[in-house]
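Contents: one structure, followed by commentary.
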């Protein structure tokens, strides 16, 4: 582990991390079967090693948190996998939903946020969550750049890959 990553993790140790849609989908699929990650269209940009990196990374945090918006997106994307895996992925997803705390931010509260017109509802809610000092883990370059420029806590998963 690099000094940069060690410093980053120690500054967020014991806090919450919010995982963006694509990474949460990879987490769910990998929890079912890591070998499924590179074969499913919606997770094929990730590898089995990425899943292992994510699992190790998450150990540094008090809790993974999510939003209804992210869960809806993950559910919609997970539904694109063929049976019999779809049922298994949804069962794994259901187990994750039971244990990951869900934080609700009313959609109407982000209607004036610049992030809404730039990125859409889910990412505007993510930006609002970051204001509460939750570290955002995303693979969305545009979102991570926006959050960085706004001085909000964010880590692009692609950067995490390079630091490990």
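In the working numbering, the protein residues as written are 741 to 904. C-beta atoms are modelled at their ideal positions from N, C-alpha and C, and glycine is treated no differently. Since the model is a prediction, treat every value here as computed from it, not as a measurement.
What are the start and end residues of the alpha helix (DSSP H) that includes residue i?
| i | result |
| --- | --- |
| residue 829 | 825 to 839 |
| residue 815 | 808 to 818 |
| residue 789 | 788 to 798 |
| residue 901 | 897 to 903 |
How is the beta strand (DSSP E) around residue i delimited, first residue to last?
| i | result |
| --- | --- |
| residue 756 | 756 to 759 |
| residue 804 | 803 to 805 |
So which of the options has the shortest CA-CA distance to residue i?
| i | options | result |
| --- | --- | --- |
| residue 836 | 746, 749, 764, 797 | 764 |
| residue 861 | 788, 786, 789, 808 | 808 |
| residue 805 | 838, 830, 832 | 838 |
| residue 893 | 866, 901, 903 | 866 |
| residue 831 | 796, 869, 785, 768 | 768 |
| residue 869 | 810, 799, 899 | 810 |
| residue 814 | 762, 878, 800 | 762 |
| residue 752 | 846, 802, 791 | 802 |
| residue 849 | 840, 864, 746 | 864 |
Where does residue i sit, in a helix, a strand or coil, going by DSSP?
| i | result |
| --- | --- |
| residue 890 | coil |
| residue 874 | coil |
| residue 845 | coil |
| residue 905 | There is no way to answer for residue 905, as the model of the chain reaches only from 741 to 904. |
| residue 731 | What the structure shows of the chain is the stretch from 741 to 904, and residue 731 is not part of that stretch, so it cannot be assessed. |
| residue 880 | coil |
How would you call residue i, buried or exposed, if buried means at least 16 neighbouring beta carbons within 10 angstroms?
| i | result |
| --- | --- |
| residue 750 | exposed |
| residue 844 | exposed |
| residue 785 | exposed |
| residue 766 | buried |
| residue 789 | exposed |
Report task. Count the CB pairs spanning the region 751 to 761 and the region 866 to 876 that are closer than 8 Å, and state whether there are at least three. Result -> At 8 Å Cβ cutoff, the stretches touch.
Query - Three-pair Cβ contact test at 8 Å for the region 883 to 901 versus the region 767 to 779 - result: no
**Report entry** Sufficient close CB pairs (3 or more, under 8 Å) joining the region 816 to 829 to the region 777 to 791
**Finding:** yes
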